[in-house]
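Heads up: the structure comes next, in structure tokens.
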């Protein structure tokens, strides 16, 4: 089986946020899809290890922002390659609060959807949240970011928690356990910093 066939599927890229008991977090995902138009129903599939996933499980609400093609990679690093358990991802960045009191960034997104969860399905490593759209709006008419362009134009990598993550077994060296970046080298310098997620050499593993 050639797993590269999965890369031929078309995806967008989104920032998914939630709030529960005064705690806020968000993550990057590529699994947001429309289920039906009447009612306006959608679903998102997130890794069980994501802090955002636990907030959605407890609050049953989430917001999805559709990323623009020209989104700064620093925004993707902020929300995609660190845990909301450790940092306040909304600190120092512009955001607004939607009709369900969920934070969502205001720059770099084309549209946003506020969703109320109606069902959760355990699909193994991930949970699928199906929900009804409570509110949605267009924010920017610019071109949206596809998952293909994230890799091809922005040289983006896929973190292990992502639904589409696949380990690259063709390379040897050192792999960042946070974002998947691979440094092809025999030795890893102690002061090496990952060029993608800015993590130190201590998070790298030998492959």
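Numbering (our numbering), first residue to last: 2 to 208.
Where a beta carbon is used, it is the ideal one built from N, C-alpha and C, also for glycine.
Keep in mind that this is a model prediction, so the values were computed, not measured.
What do you get for residue i, buried or exposed, if any count of 16 or more other CB atoms within 10 angstroms of its CB means buried?
i           : result
residue 76  : buried
residue 7   : exposed
residue 138 : exposed
residue 99  : buried
residue 64  : buried
With DSSP as the reference, label residue i as helix, strand or coil.
i           : result
residue 150 : helix
residue 261 : The structure shown does not extend to residue 261, since the chain is modelled only from 2 through 208, so no value can be given for it.
residue 6   : helix
residue 203 : helix
residue 54  : helix
Cβ-heavy atom distance between residue i and the ligand FMN below 7 Å?
i          : result
residue 71 : With respect to small molecules bound, the structure shown includes none, and the ligand FMN cannot be examined in it.
For the beta strand (DSSP E) containing residue i, list its first residue and its last residue.
i           : result
residue 64  : 62-68
residue 97  : 96-98
residue 195 : Run containing residue 195: none; DSSP gives neither H nor E here.
residue 45  : 42-48
residue 107 : That residue, residue 107, is in no beta strand (DSSP E); it is neither H nor E in DSSP.
How is the alpha helix (DSSP H) around residue i delimited, first residue to last?
i           : result
residue 88  : Taken as a continuous stretch (DSSP letters only), residue 88 belongs to no alpha helix (DSSP H), as it is neither H nor E.
residue 174 : Segment: none, residue 174 is in no alpha helix (DSSP H) and carries neither H nor E.
residue 80  : 74-81
Candidates the options: which alpha carbon is nearest residue i's?
i           : options             : result
residue 51  : 17, 138, 22 and 199 : 17
residue 93  : 106, 12, 99 and 198 : 106
residue 179 : 192, 185 and 206    : 206
residue 73  : 194, 193 and 145    : 145
residue 141 : 151, 86 and 109     : 109
Take residue i and list the residues in its own chain whose beta-carbon comes closer than 6 Å to its own, dropping the five residues that flank it on each side.
i          : result
residue 35 : 43
residue 14 : 31, 68, 146, 148 and 151
Which residues in the same chain have their Cβ closer than 8 Å to the Cβ of residue i, if we skip the five residues on either side of it in sequence?
i           : result
residue 150 : 70
I'd like the list of long-range same chain contacts for residue i, defined as Cβ closer than 7 Å, with 5 residues on each side in sequence excluded.
i           : result
residue 191 : 202
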